[in-house]
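Residue 0 is where the first sequence starts when you use numbering that gives the first Met the number 0, and the numbers rise one by one after that. Here's the structure we're looking at; comments come further down.
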Amino acid sequence: MKIATYNVNSVNARLPVLLRWLSETQPDVVCLQELKAPQDKFPEKAIRDSGYGVIWHGQKSYNGVAILARGRDPVEAQRGLPGDPGDMHSRYLEATIGKVVVGCLYLPNGNPAPGPKFDYKLAWFERLRAHAAKMVDRDSPVILAGDYNVIPADIDVYKPERWVNDALFRPETRAAYHGLLEQGWIDAVRTLHPEERIYTYWDYFRNAYGRDAGLRIDHLLLNPSIAPRLSAAGVDRAVRGWEQSSDHAPVWVELSDTDPVDGPAQ
DNA sequence: ATGCCGTGGAAACCACGA
């Protein structure tokens, strides 16, 4: 089972790229962020015609998240992150696909920091941690995938010293992310590739992609009950080089169908 | 180092992204 996350930076502007990527890589589940489309402008037909069931949480101009499942309809479990009824941003959607629970998230950017936007980011992070704490110890598989807007460590950024005061890399942000991992979540890509430079985002300008001046900010976190099934993980970085690309590339994990720790008792 | 680009939406610029 392949599960991917992709910040599309406008689902309508990205539709040809999205459909091509879906067709070429055939992920089973996809989390999309930054739809930048109101609820009634989501390209539902095009996505269903490509073989995917879909639920989405749109918003005019900004934000917006969607969950796609190949050949089936995701069953909505949560719309919006609990903890603040006044938060109108469409940044969280959760669904059950078979036995797997998938949370699709678009964590606030938080710049400039310090300031109200950074405060909002940290507050949103706290709500995510509270919600994640209720899911991490489930016996069933849970995946929290999306654009975290977090550079976890020096290895995840082309030039760390330039990002020390940025909301994506500040100590408070990294501490919040590591707090999530301390609950027991596994950063899938980093776990399988502990030493490798892996980026998921390259700026549109300054030839960032050509220079490989990237960031790793899109993550898939697995709860312990599914972590033993993690068999592969990576970034479809070539997609970033396609015409009319998003500034992010898709990130994915492959989960084996059977738990390798199951089997004869030791 | 800088929104230098990209997108949406409301106006022929501005907000926002990371």
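We treat Cβ as the ideally placed atom computed from N, Cα and C, and that holds for glycine. Keep in mind that this is a model prediction, so the values were computed, not measured.
- Asp-217: member of the beta strand (DSSP E) spanning 217 to 221, first to last residue.
- Per DSSP, the unbroken alpha helix (DSSP H) holding Ser-22 starts and ends at 14 to 24.
- Annotation: the stretch 167 to 211 contains the following complete segments of the alpha helix (DSSP H) (minimum length 4 residues), in chain order: 170 to 181, 187 to 191 and 207 to 210.
- DSSP places His-56 inside the beta strand (DSSP E), whose first and last residues are 51 to 56.
- The Cβ atoms of Ala-76 and Val-100 sit closer than 8 Å to each other.
- In the DSSP assignment, Trp-251 falls within the unbroken beta strand (DSSP E) covering 250 to 254.
- When the five nearest sequence neighbours on each side are left out, the beta carbons in the same chain lying within less than 8 Å of the beta carbon of Ala-45 are those of Leu-14 and Leu-18, in order along the chain.
- Taking the CA atoms as reference points, Ile-2 sits about 24 Å from His-88.
- In the structure shown, Ile-154 falls within a helical segment according to DSSP collapsed to helix, strand and coil.
- Listed in chain order, the non-local C-beta contacts of Ile-197 below 7 Å within the same chain comprise Val-188, Arg-215 and Val-234, local neighbours out to five positions each way being set aside.
- If you ignore the 5 residues before and after Arg-169, its C-beta comes within less than 6 Å of the C-beta of Ala-112, all in its own chain and listed in chain order.
- Around the C-beta of Glu-93, 16 or more other C-beta atoms lie within 10 Å, and the residue is accordingly described as buried.
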